[in-house]
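Down below is the structure, laid out as structure tokens.
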Amino acid sequence: MGLFKEHFTGGIMSYSVFYFLALGTSLALKFGLQWDVSRVPVISLNIWIAGLCFFIAVLSGLWPDVDIKSTTQKIFYRIFLILDVFLIYKGITGGRRYLLISALLGIFAMLPLVGKHRGWTHSRITMFLLPGLFLLPAMYNISLRNLNFTSFDYAHLDYTNLSGLPLYIASFIGYATHLYLDGLLFGKRFKKAHAKNKK
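If you read the sequence shown in our numbering, its first letter stands for residue 1, the second for the next number, and so on.
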């Protein structure tokens, strides 16, 4: 059984610590040294994007427990349902690519259910790869304001566009926090040593 409150709080706390340390460092560097902080944005000073980063950190901190019947699973599958209905509607009224995205979302939503608990959703590899989904829209120049997938070019990839990096980092920190709280982040040796220290 997943520990919803522990992972929820862990996601908020760990990203809060990171955000305010990065904010303080960025401001100190911006006003104290000659260095362009905006070159590699690890945080966003835009209040909406910063809020989205906190939201993503919390959801990513909860995500690994989507593979069992839990509060987390209910939250995510409601989000998936709303997104899927929206994409199907857009597909019927606006273009077939939305239907393709809807189908891919459906397959993605089923993946945790075919694996075992603490399987791929609790993997360190997934901790690095899954947050990468937040880098792709910026690299492919997809905007929430203009979701026009009819002119989407799969071949055009601007890997230098790092505007999605704050979202990736937020997701990565939330995910890593979950694995840490489950004792899986640093491996079995750390888990045994951590258990001995608790006694």
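Each residue gets a CB set at the ideal place from its N, CA and C atoms; glycine is no exception.
Since the model is a prediction, treat every value here as computed from it, not as a measurement.
Nearest to L136 by CA position, among I82, V114 and G164, is which residue?
The candidate whose alpha carbon is nearest that of L136 is G164.
Is the beta carbon of T9 closer than 8 Å to that of W63?
No, these two residues do not count as a Cβ contact at 8 Å.
Please return the same chain residues whose Cβ sits closer than 7 Å to the Cβ of G115, not counting the five positions on each side in sequence.
So the qualifying residues of the chain are D67 and T121.
With F54 and Y15 assumed to form a contact (beta carbons below 8 Å), what rounded beta-carbon distance in angstroms separates them?
With 8 Å as the limit, F54 and Y15 qualify as a contact, their Cβ atoms being about 6 Å apart.
What's the gap between the Cα of L185 and the Cα of H7?
So the alpha carbons of these two residues sit roughly 14 Å apart.
Rounded to a whole number of angstroms, what is the C-alpha to C-alpha distance between W35 and T25?
For W35, the pLDDT reaches just 48, beneath the cut-off of 50, and the residue's location in the model is therefore unreliable, leaving the point undetermined.
Return the residue from the list P41, L59 and W48 that minimises the CA-CA distance to T177.
Here the closest residue by C-alpha is L59.
Assuming T72 contacts F4 (C-beta within less than 8 Å), just tell me the rounded distance between them.
Yes, they are in contact, since the Cβ atoms of T72 and F4 sit about 6 Å apart, within 8 Å.
Hey, would you say S70 sits closer than 8 Å to D84, going by beta carbons?
Not closer than 8 Å, so no.
For the candidate residues L45, R124 and Y168, whose alpha-carbon lies nearest to that of L23?
The candidate whose alpha carbon is nearest that of L23 is L45.
Among P41, I12 and L27, which one has its Cα closest to the Cα of N161?
Here the closest residue by C-alpha is P41.
How would you label F18, buried or exposed, when you count the other beta carbons within 10 angstroms and need 16 or more for buried?
The residue is buried, with at least 16 neighbouring Cβ atoms inside 10 Å.
Using 8 Å as the threshold, is the C-beta distance between G11 and G119 below it?
Against a cut-off of 8 Å, the Cβ pair of G119 and G11 comes out as no contact.
Using CA atoms only, rank isn't needed, just tell me which of R96, L130 and S123 is closest to Y168.
The option with the nearest alpha carbon to Y168 is L130.
By how many angstroms is the C-alpha of F20 removed from the C-alpha of A50?
Using only the alpha carbons, I get a separation of about 11 Å.
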